[in-house]
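These notes are about the structure you will find just below.
Right, here's the structure in full:
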């Protein structure tokens, strides 16, 4: 069983640029969540996608947007990058009701993408 | 607003010296409490889910417990390979289909040989 994968591993951008991060969910998982983790902090919820629809959003501005595709993979797009966007971006997938009921809400994380904005 | 506070921020133990990590939470209704382990520069690794007060789960040297206000992660006879940051997160009932996690800042554990 393949776990959650993310690409790229590292990325360096300059202020004002745009970036796209990619995530492949674990096999059989239909829900994908994105989190931002600044250094020394816990992950902060950005948004969640369920069956290609946005299913909840945290306190992030509209320049953070996303997509989920029919195969449940997902993209996170960030426009007009700011220095404070430098962080580890984490993708997590969960089985939802397609899996065992006891495991439905458990989120399994990928390795993350380290974004540095200069 | 859901809140999670973890303490202490950092913990240094000698190999074999047992201890506990604390996670205090406030949430309007608890759907689940999660413990993760995170190694530097890596994504969080799932450890446990607890759903109701009084529940306990164990895995190797780790044991997680839950009350109505806090959770503890007990580490028995730790080894250097247990060194990592341990994250606690809650999932609230009211979010409906949105199963977002609210995390604490984590506890950095160092185990000296």
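Protein chains in written order, with my numbering: chain A, 351 to 468; chain B, 28 to 140. Heads up, the beta-carbon is just placed ideally off N, CA and C, and yes, glycines get one too.
message: Using a Cβ-based criterion (distance less than 6 Å to any ligand heavy atom), does residue 413(A) qualify as near the ligand HEM?
response: Ligands displayed in this structure: none; no statement on the ligand HEM is therefore possible.
- prompt: Excluding five sequence neighbours on each side, which residues of the same chain lie with their C-beta closer than 8 Å to the C-beta of residue 40(B)?
  reply: Within the same chain, residue 40(B) has close Cβ partners 46, 102, 105, 136, 137, 138 and 139.
- prompt: Between the C-alpha atoms of residue 380(A) and residue 399(A), what's the straight-line distance to the nearest angstrom?
  reply: Rounded to the nearest whole angstrom, the CA to CA distance from residue 380(A) to residue 399(A) is 8 Å.
message: So residue 130(B) and residue 392(A) are supposed to be a Cβ contact under 8 Å. How far apart are they, rounded?
response: Contact holds; Cβ gap of about 3 Å.
message: Quick check: what's the CA-CA separation for residue 408(A) versus residue 352(A)?
response: Rounded to whole angstroms, the separation of the alpha carbons of residue 352(A) and residue 408(A) is 28 Å.
- prompt: With C-beta atoms as the reference, is residue 70(B) less than 7 Å away from residue 462(A)?
  reply: Yes, the Cβ-Cβ distance between residue 70(B) and residue 462(A) is below 7 Å.
- request: Could you tell me which uninterrupted beta strand (DSSP E) segments, each at least 3 residues in length, are contained entirely in the region 398–441 of chain A, listed from first to last along the chain?
  value: Runs of the beta strand (DSSP E) inside the region 398–441 of chain A: 403–407, 414–418 and 424–428.
query: What residues are listed by DSSP as bridge partners for residue 138(B)?
result: Beta-bridge partners assigned by DSSP to residue 138(B): 40(B).
message: Please identify the residue among 373(A), 362(A) and 359(A) whose C-alpha is closest to the C-alpha of residue 419(A).
response: It is 373(A).
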